[in-house]
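Quick notes on the structure that follows.
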Amino acid sequence: MSKFVSAVQSFMADEDGVTALEYGMIAALIAAVIVTVVGVLGGKVDGAFQKIADALP
């Protein structure tokens, strides 16, 4: 039983997997921000290009 408890304690103290998880969360957050910004600014950029296209002869 003490080997099991020791193995669980060593697993809980291991922080190598936490680093990969943190990088994954940061990447997901950056992706969410990019999607939000593109969604918000996409319509405005499309409108600006449409005004330019309408102004051309």
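Read in order, the letters of the sequence shown correspond to residues 1153 to 1209 in this note's numbering. All C-beta atoms, glycine included, are put in the ideal place defined by N, C-alpha and C.
Query: What is the residue span of the alpha helix (DSSP H) that Met1153 lies within?; Result: Here Met1153 belongs to no alpha helix (DSSP H), and DSSP marks it neither H nor E.
Query: Roughly how many whole angstroms lie between the Cα atoms of Asp1166 and Ala1183?; Result: 28 Å
Query: Helix or strand or just coil, what does DSSP make of Leu1208?; Result: coil
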